[in-house]
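First to last, the protein sequences are chains A and B.
The first sequence lines up with residues 0 to 496 when you count with numbering that gives the first Met the number 0.
The second sequence lines up with residues 0 to 478 when you count with numbering that gives the first Met the number 0.
Single-structure report; data block below.
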Amino acid sequence: MTVNAWLPLAILASSLIPGLIIFTLPERAVALRTTLNLGGAVVKILLLVLMMVGVFHGVVFEVRIPLVPGLDFVLHADALSLLFVNLSAVLWLATTVYAIGYLEGSPHRSRFFGYFSLCVTATVGLAMAGNLLTFLVFYEALTLTTYPLVVHRETEVARRAGRIYLAYTLLGGVLLLTGTVWLYALTGTLEFVDRGFVSGLGIDPAVLRVVFAVLILGVGVKAALVPLHAWLPRAMVAPAPVSALLHAVAVVKAGAFGIVRIVYDVFGVEYAAELGVTLPLAVLAAFTILYGSVRALFQDNLKRRLAFSTVSQVSYITLGVAIAGPIATIGGLVHLVHQGFMKITLFFCAGNYAESAGLHQVSELAGIGRRMPWTTAAFTLAAFGMIGMPPMAGFVSKWYLGLGGLEVGQDWVLLVLAGSSILNAAYFLPIVRTAWFDEPSDERIRSVGPGGLESPLMLLLPPLATVAAALVWGLFATMPGTPLDWVQFIASRKYGE
Amino acid sequence: MQTFIVDTPWTIWVVAVPLIGALLAFLWPRRAVATGFAFGLATAAVSLALLWQVAASGPRIYAMGGWGAPIGVDLHTDGLSAIMLTMAAVVGTAVSVYARPYLAATPDKARGFWPLWLFLWAALNALFQTNDIFNLYVTLELLGLSAVALVALAGSGPALLGAMRYLLVSLCGSMAFLVGIALLYRAYGTLDLTLLAARADGGLQLGIPLGAMVAGMLLKTGLFPFHVWLPPAHGSARAPVSALLSALVVKASFYVLLRLWFTFQPADEGLALLLGGLGAVAVFWGSFQALRQRRLKLLVAYSTAAQLGYLFLAFPLAASDPALAWGGSIYLAVSHACAKGAMFLAAGSIMTEQGHDDIDGLDRVVDRMPLTTAAFALAGISLAGLPPTGGFVGKWMLLQAALEQGLWHWALVIVGGGLLTAAYVFRVLGYAFTESSHAREEHAVPRTMEWAALALALAAVSLGFIAPWALSLLEGVLP
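Next up, the structure:
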């Protein structure tokens with residue numbers, strides 16, 4: 000096994016350097032900016048392919064740079080980090096294409112795309128973090144790089160939303176910092192290890208329970224666990240590509256990924272179950288799932304409805320982790336990917352409705368399916384996936400979650416899943432029905448694209464591509480190379496048998 | 000080349016170069032700007048050479064006039080001195096680059112600024128290397144007087160008032176220090192710190208002078224409740240002067256305090272607790288005041304009062320692992336110098352550009368001056384202790400020191416203060432991104448000024464990456 004240090008750094012640089020260059024570009028340099036954006040996204044994916052081939056052949060990719068006394072900044076490629084890096088890199092490409100189309104002609108694009116690239120850099124760094132310190136560094140960096148995107152519109156509403164966003168996420172960051180330093184003071188290491196590093200050190204379990212709670216609350220803010228979720232619906236004031244990125248890849252996923260790391264690679268899931276901390280987490284996740292769905296029912300604004308839906312859906316990941324069984328782990332981790340693709344589709348579609356027809360409310364969408372069939376088709380499929388209908392990818396996630404609950408004797412999980420599916424159907428199906436079957440009542444709908452494209456190609460292709468992926472992963476879930484296949488490999492390493 | 004750098008006594012040059020520059024700039028006022036600027040850059044270069052020398056071959060002792068202690072006066076340059084000198088060099092370079100275009104519109108102020116600033120720099124560099132307690136007093140006094148004169152340079156009513164108050168405080172602090180020196184000399188018959196460390200035996204004959212000197216330094220550093228003079232003085236001076244005061248001058252008296260502490264190593268836990276407690280109150284009080292300010296420069300000035308409090312948290316935390324707590328405190332001091340310097344420079348640019356510095360009237364300043372806003376943001380991130388910055392490293396170390404000993408109340412101060420810092424930094428940034436109907440002027444700001452602030456902020460950020468190397472310089476210095 001050989002160690003390669005340059006590749007993780009190159010993967011970071013593939014979005015960091017274009018981002019920094021983009022900041023310096025004048026607004027009118029559209030061609031150069033687009034080249035940098037797309038070039039960086041493509042290079043990142045190519046480098047990732049290279050890294051996956053390397054990992055497959057037993058190459059270890061790791062960078063170590065001393066950061067604070069006794070602790071290193073570590074970037075490391077393991078199976079779990081590759082899962083998240085892949086998700087980020089692929090969805091970044093899709094979102095970049097979409098954002099270029101969406102923001103055409105609007106002001107401050109250099110600033111936007113600069114921070115956009117930095118935000119992805121932070122996400123990818125967070126995915127590759129090899130210890131809790133590095134994770135913390137990128138977790139905070141993500142907060143800081145997304146803030147300018149949230150307040151991008153430069154309005155008073157945006158400023159207030161940004162303030163709420165920061166209040167929550169920085170508080171989460173401080174909790175994570177406290178937990179991290181505390182853990183370091185107790186254990187003297189922060190290195191992520193399969194099956195955790197805190198067991199067997201003779202530390203008082205009561206103290207460890209508190210550390211666990213502090214850490215989980217720290218990342219739980221970004222994962223939008225109730226009652227730490229209130230920032231998410233407010234952050235909807237940001238432009239659509241930002242919402243898509245925040246909900247599918249960057250911020251909420253960073254929180255969910257943090258929970259995964261803390262449970263599996265800091266505490267070890269079996270030791271966490273022994274400490275008795277997984278059951279409360281599972282209950283909290285279950286409550287969040289139901290609460291988010293119920294709130295989503297009552298939102299007329301489409302983006303807000305999707306936001307509450309995210310609150311609910313992201314907690315499936317937490318639930319899968321917290322059930323503490325191998326099969327549920329598969330369900331939770333695979334949902335990390337599946338939810339990303341489905342939710343990003345929904346946000347792209349919501350953006351298209353807003354951009355092409357000026358529609359923001361669910362009640363205005365009557366008959367939109369006739370004018371915007373492609374967008375509405377993508378929306379419909381993604382919504383079916385969210386509900387958990389076969390053959391969409393969302394079904395696979397729920398199937399494994401349910402089975403996993405039964406496997407460890409937590410039958411109540413099935414009830415939560417069933418209840419949540421009904422609620423999902425209750426807030427998604429009316430949108431689908433009215434979009435396809437009702438007569439158009441809104442003036443604005445008739446003005447959309449007779450004879451031409453319903454939306455520019457750059458706005459249409461990303462949702463179609465992402466929803467196609469979600470469909471393929473549902474249909475061919477058991478084929479080699481799918482997220483499910485990869486996640487099964489990860490799960491086998493996190494349990495002791 | 001290598002031997003030239005290793006053999007030259009840079010110790011003396013880092014004091015001589017700015018001193019000569021100050022004299023020349025004073026004697027030829029017409030060429031003051033060019034002379035001052037050139038000698039400023041030269042001072043920075045000489046300081047870096049000294050840093051290299053110390054890093055490569057360890058602490059240096061220079062016996063002035065070849066006499067040697069206890070008869071003569073020695074200059075000691077150890078790792079801590081080298082770090083402080085480098086801090087002064089980095090901040091000094093940025094301020095010098097900034098001050099030239101900033102003062103170009105007012106030539107008479109420029110002629111006053113350069114000799115005073117170089118004189119201040121010389122005093123500072125001498126102070127950081129002195130191993131003689133009376134010399135400490137002399138350099139402190141020179142530093143204080145040139146700082147007061149620089150504040151008064153602004154010429155406005157509030158600035159003169161601030162300068163007067165600052166003068167009084169500075170003199171009181173020096174007097175207390177001088178009293179301490181006299182008592183120490185009477186008791187131990189020497190002024191050399193190394194000899195004092197060997198001879199000091201504790202008891203009241205050490206306790207009383209030490210108390211007087213510590214109190215004097217607290218006054219000059221502006222630790223709560225002695226901070227009242229600080230915001231008016233720092234807030235009303237011209238931007239480069241504010242940057243120098245907040246970044247460097249208050250650090251000088253803190254440095255003296257550290258030297259005293261390392262020399263005498265008081266075993267008194269009560270005093271350590273008192274200093275830490277005052278620091279904690281300063282963190283919260285200063286931050287709340289900063290949150291309440293309507294003017295940007297005053298916000299930044301109150302932030303200094305708060306951040307200085309952090310430096311004192313090391314005193315009660317240093318018991319079990321001194322290197323960790325002191326290292327964290329010193330690292331915070333250096334990071335704060337870069338970050339706060341950058342913040343004051345950025346605030347100065349904003350004030351120049353729009354003619355006022357009301358926070359709620361920043362009116363999308365991010366679109367007009369992206370570099371300046373970036374400088375303010377990066378500096379703020381470092382102040383708040385968010386990674387990856389020098390401030391993060393410093394706070395991490397203090398937090399680790401607190402949690403390893405299970406001292407939760409200090410840990411809460413550290414993280415709570417960080418949150419408050421983030422709150423006032425992002426309050427400014429929020430308005431910087433928002434449209435406002437507040438009236439404003441529009442003046443062009445030279446790019447050099449914007450870049451100088453940004454470079455200093457980037458220095459604060461890059462401190463987050465060199466901590467293990469920088470802290471290794473402190474080995475052997477800390478108790």
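Beta carbons: idealized from backbone N, C-alpha and C, even for Gly.
The structure displayed is predicted, hence computed values, not measured ones.
Proximal chain B residues relative to residue i, where beta-carbon distance stays under 7 Å
i              : result
residue 161(A) : 429
residue 238(A) : Ordered by position in chain B, no residue passes the 7 Å Cβ test against residue 238(A), which lies about 14 Å from the chain.
residue 67(A)  : 392, 395, 396 and 466
residue 184(A) : 399, 402 and 403
residue 168(A) : The contacting residues do not exist; residue 168(A) stays about 10 Å from chain B at best.
residue 135(A) : 386
residue 578(A) : Past the boundaries of the shown model lies residue 578(A); chain A is included only from 0 to 496, so the question cannot be answered.
Opposing strand residues paired with residue i [DSSP bridges]
i              : result
residue 77(A)  : DSSP lists no partner for residue 77(A).
residue 434(B) : Residue 434(B) is not bridged to any residue.
residue 65(A)  : 71(A)
residue 61(B)  : 74(B)
residue 277(A) : Paired residues: none, contrary to the question.
residue 55(A)  : Per DSSP, none; premise fails for residue 55(A).
residue 263(B) : Note: residue 263(B) sits in no beta bridge, so no partner.
residue 264(A) : DSSP output for residue 264(A) lists no bridge partner at all.
residue 360(A) : 300(A)
Given residue i as reference, the closest of the options once Cα atoms are compared
i              : options                           : result
residue 191(B) : 303(B), 259(B), 451(B) and 397(B) : 259(B)
residue 237(A) : 183(A), 152(A) and 207(A)         : 152(A)
residue 193(A) : 80(A), 205(A) and 229(A)          : 80(A)
residue 199(A) : 271(A), 62(A) and 306(A)          : 271(A)
residue 15(B)  : 99(B), 126(B), 1(B) and 52(B)     : 126(B)
residue 331(B) : 51(A), 23(A) and 67(A)            : 67(A)
residue 262(A) : 280(A), 400(A) and 14(A)          : 280(A)
residue 57(B)  : 79(B), 366(B), 215(B) and 437(B)  : 79(B)
residue 340(A) : 244(A), 370(A) and 319(A)         : 244(A)
residue 289(B) : 124(B), 427(B), 384(B) and 72(B)  : 427(B)
residue 316(B) : 378(B), 283(B) and 269(B)         : 269(B)
Burial state of residue i (16 or more Cβ within 10 Å)
i              : result
residue 99(A)  : buried
residue 291(B) : exposed
residue 91(A)  : buried
residue 461(B) : exposed
residue 394(A) : buried
residue 77(A)  : buried
residue 70(B)  : exposed
residue 202(B) : exposed
residue 230(A) : buried
residue 453(A) : buried
residue 449(B) : buried
residue 176(B) : buried
residue 226(A) : exposed
residue 278(B) : buried
Interface partners of residue i on chain B, CB under 8 Å
i              : result
residue 154(A) : 433 and 434
residue 158(A) : 429, 430, 432 and 433
residue 75(A)  : What residue 75(A) touches in chain B: nothing, since even the nearest Cβ is about 17 Å away.
residue 150(A) : 429, 432 and 433
residue 107(A) : 366
Interface residues of chain A facing residue i [CB-CB closer than 9 Å]
i              : result
residue 380(B) : 139 and 143
residue 143(B) : The premise fails here: residue 143(B) is roughly 35 Å from chain A at the closest Cβ pair, so nothing lies under 9 Å.
residue 410(B) : 177, 180 and 181
Cross-chain neighbours of residue i in chain A, by beta carbon under 7 Å
i              : result
residue 414(B) : 173, 176 and 177
residue 446(B) : Under the 7 Å cutoff, chain A gives no residues; its nearest Cβ is about 13 Å from residue 446(B).
residue 417(B) : 173
residue 222(B) : Going along chain A, no residue has its Cβ under 7 Å from residue 222(B), so there is no contact; the nearest lies around 24 Å.
Interface flag, residue i vs chain E, CB-CB below 8 Å
i              : result
residue 291(B) : Annotation note: the requested chain E is absent from the structure, which comprises protein chains A and B.
Integer-rounded CB distance, given that residue j should sit under 8 Å from residue i
i              : j              : result
residue 481(A) : residue 472(A) : 5 Å
residue 299(A) : residue 360(A) : 5 Å
Where residue i meets chain A, residues with beta-carbon distance less than 8 Å
i              : result
residue 421(B) : 165 and 169
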